[in-house]
Amino acid sequence: MEYTNQVGGRAKITKVLDDHLLKPTTVNEVNNYMCLPRLVAEVAPDICFVVSLEDIIPLKMCNACSNSFHSIQDLMQARPKGYYLIMKDAAHDLQKPRLMDLKLGTRTYSDYITEERKQHHIRKALRNTTSRLGVRMCGASFHGATEGKIIKWSKAWGKEMSSEEFSMAMKAFFNVSEPQKRDTILQLRKIKTALESCPGFRFFGASLLAVLDDLDGKTVIIKMIDFASMARSELGQPQYEGPDDGALFGVNNMLSILED
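Residue 195 in the UniProt record's numbering sits at position 195 of the sequence shown; the count goes up by one each step and never skips.
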């Protein structure tokens, strides 16, 4: 089933098993999800299974998945062999979802691309808030003041934003109930703590996903997503010291904007 709440990312996500999502991905992201530091895993999506070619590997199975393993096997047999994530849909059952995807960090490319592509990414980052703020808006969708009107913000607009426009956009998007504002800040602080806790890791290309419900005025889910380009400083790989300052720069700027 088509997933209508996707606001960012290139992979075509589909709705499966009523309240789950299926995301086609790469072997790198599958492996990285299985090696996430504990505190980062707590702020990452609830991945019930990773699929690596013919293997369906449980990660954080929910109750529904525990009773649906045969359905999941049937689901994957009908798909091309490859790499997938099966996760809980954070926006499931929300009546008035408020959704945004934010590219996180001052560097968005992996260690394993050509020098030409690397320079392309660097030039792009210098033209937008990736370099200036460590965070860039990649897409958003929420209900406007007029009943039935859906406001959508595009990835293209995110690339054109000045720092001031980005700050104004964040304040407009998070113009929600006071409990939701407080919870948003608390969850961003939790992500900050997670990033600070894992020296040597670099979350290149990761994003922040914000999911709120305008109807209940309570629901807030802020997650770190997209770990395909993550670096772990393992033997034989590029080595990094300390925490990911680029990602922390982005989270700190989000906190500064929302706490202002």
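Backbone N, C-alpha and C fix where the C-beta goes; we use that ideal spot for every residue, glycine too. All values reported here derive from a predicted model rather than from experimental measurement.
Asked	Found
Considering only C-alpha positions, which residue in the set L255, F69 and L94 is nearest to T219?	L94
Do you know whose CA, among G148, T25 and L133, lies nearest S163's CA?	L133
From G148 to K96, what does the alpha carbon distance come to, in whole angstroms?	10 Å
Inspect the CB distances between the segment 195-212 and the segment 242-256 and report whether three or more fall short of 8 Å.	yes
For C65, which residues of its own chain have a beta-carbon under 6 Å away from its beta-carbon, when the five flanking residues on both sides are left out?	C48
Given this structure, state the Cα-to-Cα distance separating K12 from L102, to the nearest angstrom.	18 Å
Which same chain residues end up closer than 6 Å to G8 when comparing Cβ atoms and leaving out the 5 residues on each side of it in sequence?	D101, C138 and G139
With contact counted as at least three CB pairs below 8 Å, one residue from each stretch, are the segment 210-229 and the segment 181-197 in contact?	yes
Can you give the Cα-Cα distance for Y247 and S229, rounded to whole angstroms?	The sequence given here has Ala at residue 247, not Tyr. For A247 and S229, the distance between alpha carbons rounds to 13 Å.
Could you please give me the residues that DSSP links to H143 through a beta bridge?	I150
I need the DSSP call for P58, collapsed to helix, strand or coil.	strand
Excluding five sequence neighbours on each side, which residues of the same chain lie with their C-beta closer than 6 Å to the C-beta of F203?	M230, D244 and A247
Is it right to say H20 is buried, meaning 16 or more other beta carbons lie within 10 angstroms of its own, or is it exposed?	buried
Tell me, which residues are paired with S52 by DSSP?	D55 and Y83
Which class does A231 belong to by DSSP, given the choice of helix, strand or coil?	strand
Measuring alpha carbon to alpha carbon, tell me which of G144, M224 and Q187 ends up nearest A172.	G144
When DSSP labels each residue in this structure, what does P179 get in the three-state scheme?	helix
With three or more beta-carbon pairs closer than 8 Å as the criterion, would you say the segment 29-41 touches the segment 66-85?	yes
Kindly indicate which residue of M168, D46 and E259 has the alpha-carbon position closest to the one of R136.	M168
Could you check what DSSP says for D213 in three-state terms: helix, strand or coil?	strand
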